[in-house]
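Shown next, in structure tokens, is the structure this report addresses.
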Amino acid sequence: MVGTGGTAVPLNLGSPLKDWVFDEDLSPYRAMSAKAAVTAAIGGIHGYELPDVVREDYLASYTGQRFADQLPYVRAHPAEMPVLGELLPRLETPVQILAGRNDAVVPPENAEYLDLHLPNSKLDLIDVGHFAWEEGADAYADVVTRWWEAN
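Throughout, the working numbering is defined as the position within the sequence shown, counted from one, plus 14.
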């Protein structure tokens with residue numbers, strides 16, 4: 015089971031992920047309030063009000079410098095995704111790909127790229143944005159359950 019991630023080659027990323035990958039100066043991200051950044055991100059969840067416990071979990075995940083500290087991971091995408099792209103055809107494990115059709119951060123072309131290059135994959139796009147598991151919990155759970163039962 016895989017979901018949202020910038021995997022297409024060439025890279026196809028939306029904002030703010032594209033900025034995090036390509037901005038030369040990371041100091042604004044280090045100075046940014048993690049709470050403000052996470053609050054803005056989860057504020058983009060449509061059609062679903064996060065329970066307080068879930069909201070607090072999102073916030074706790076990025077306390078201190080955790081947000082800035084994860085930037086090297088996404089900044090490695092330009093070098094690492096072409097390598098991954100070459101390896102994908104060799105992976106024979108069944109893979110369910112699930113992404114939001116309206117994801118502006120990680121456009122669905124990334125999921126389509128995976129489906130094209132993984133020999134044993136199944137792609138489902140659901141009518142949601144970046145936070146597919148939050149915005150479309152029922153549809154998301156249906157896809158996961160069907161895949162789990164089939165595999």
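Note that the Cβ used here is the ideal one computed from N, Cα and C, for glycine as well.
C-beta contact flag for glycine 28 and valine 120 at 8 Å: In the sequence shown, the residue the question calls residue 28 occupies position 14. In the sequence shown, the residue the question calls residue 120 occupies position 106. Closer than 8 Å, so yes.
Tell me where the beta strand (DSSP E) around aspartate 141 begins and ends. Residue mapping note: residue 141 aligns to position 127 of the sequence shown, counting from 1. Where aspartate 141 is concerned, there is no enclosing beta strand (DSSP E), given that its DSSP letter is neither H nor E.
Is the beta carbon of alanine 146 closer than 8 Å to that of threonine 18? Position 4 of the sequence shown holds residue 18. Position 132 of the sequence shown holds residue 146. Against a cut-off of 8 Å, the Cβ pair of alanine 146 and threonine 18 comes out as a contact.
Look at the Cβ atom of asparagine 124, then the Cβ atom of valine 142, and state whether they are nearer than 8 Å. Start at 1 with the first residue of the sequence shown, and residue 124 comes out as number 110. Start at 1 with the first residue of the sequence shown, and residue 142 comes out as number 128. Contact: no.
On the DSSP bridge list, what partners appear for alanine 113? Here residue 113 corresponds to residue number 99 of the sequence shown, with the count starting at 1. In the DSSP output, where bridge partners are listed per residue, alanine 113 has Leu139.
Cβ shell of methionine 95 (< 8 Å), same chain only, five flanking positions each side left out: Here residue 95 is taken as the residue at index 81 of the sequence shown, counted from 1. Counting only Cβ-Cβ distances below 8 Å, and skipping sequence neighbours, we find Gly20, Thr21, Ala22, Val23 and Leu25.
Taking C-alpha atoms, which residue in Glu70, Gly99 and Asp152 lies nearest to glutamate 126? By 1-based counting over the sequence shown, the position of residue 126 is 112. The residue with the shortest Cα to Cα distance from glutamate 126 is Gly99.
N-terminal and C-terminal residue of the alpha helix (DSSP H) that leucine 40 is part of: Indexing the sequence shown from 1 puts residue 40 at position 26. Careful: leucine 40 lies outside any alpha helix (DSSP H) and carries neither H nor E.
What residues match up with valine 16 in a beta bridge as DSSP calls it? Position 2 of the sequence shown, counted from the start, is the residue given in the question as residue 16. The partner list for valine 16 (beta bridge, DSSP) reads Ile111.
Should aspartate 138 go down as buried or exposed, given a rule of 16 or more other Cβ atoms within 10 Å for buried? The count along the sequence shown starts at 1 and reaches residue 138 at position 124. Per the 10 Å Cβ criterion, buried.
Member of Ala48, Phe36 and Ile56 whose CA lies at the smallest distance from the CA of valine 68: Position 54 of the sequence shown, counting from 1, holds the residue named residue 68. It is Ile56.
Please classify alanine 82: is it buried, with 16 or more other beta-carbons within 10 angstroms of its beta-carbon, or exposed? What you label residue 82 is simply residue 68 of the sequence shown in a count that begins at 1. Classification for alanine 82: buried.
Compute the beta-carbon to beta-carbon distance between leucine 112 and histidine 131, rounded to the nearest angstrom, for a pair I have assumed lies under 8 Å. If you number the sequence shown from 1, residue 112 lands on position 98. If you number the sequence shown from 1, residue 131 lands on position 117. About 16 Å; that fails the 8 Å criterion.
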